[in-house]
Amino acid sequence: MVLAADSTCVAFDCLMCGRCCEGSGGIILSAKDLERICAHMGLSAKDFSERYAEQKRGKLGIKAGSDGFCVFFKKDRGCTVHQGRPDICRAWPYFKGNLTDPVSLEMAREDCPGINRKISFAGFREQGLNYLREHQLLHDGEPDAPNALNIKE
């Protein structure tokens, strides 16, 4: 794990609580995401889209279930497509808002117990950008990418 120069603590450690999987509207699929998740599930893009996706503001997104969570999140098992999950899920909590606005980061800290409360905003930002670079999750201006990952450094 990469540590920020001004900090000796890790910015984020996922506790598998599923809070980031709750709600509808945020799990947007790029073409690369759709290809990855379809390969993981052994489905065609058409079959996947008909069963698990919907159009959200002109982009393809994963549906939420009747419980308000992503259709692939199960409270007793977590993410059932973890290996094939979209970039937006791979990137949490290193979203544009949390990396550019200290108030947004504080709001995320209230919801996500995995975000270290002791790390500074600068330390969180540095670790987040490093993580996104290392995992090739930055999507500067790609039209089908989720807005939360369209980050200019």
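Under our numbering, the first residue of the sequence shown is numbered 7, with each subsequent residue one higher. For glycine and all other residues, C-beta sits at the position ideal for the given N, C-alpha and C.
Taking C-alpha positions only, R131 is separated from F18 by approximately 11 Å. For L40, the enclosing alpha helix (DSSP H) stretches over residues 37 to 47. Judged by their CB atoms, I34 and K69 are not nearer to each other than the 7 Å cut-off. Looking at the backbone, the Cα of L21 and that of G84 are separated by about 11 Å. Annotated three-state conformation of C26 is helix, per DSSP.
Boundaries of the alpha helix (DSSP H) around I94: 93 to 97. In the structure shown, F101 adopts coil according to DSSP, grouped into three states. Between K158 and D146, the CB-CB gap stays under 7 Å. With respect to the 7 Å criterion, A154 and F101 are classified as neighbours on the basis of their beta carbons.
If you draw a straight line from the Cα of Q89 to the Cα of A128, it is about 30 Å long. Judged by their CB atoms, D93 and D39 are nearer to each other than the 7 Å cut-off.
When secondary structure is reduced to three states using DSSP, Q133 falls in the helix class. Cβ contact annotation for N156 (same chain, cutoff 8 Å, sequence separation greater than five): K102, H145, D146, G147, E148, in chain order.
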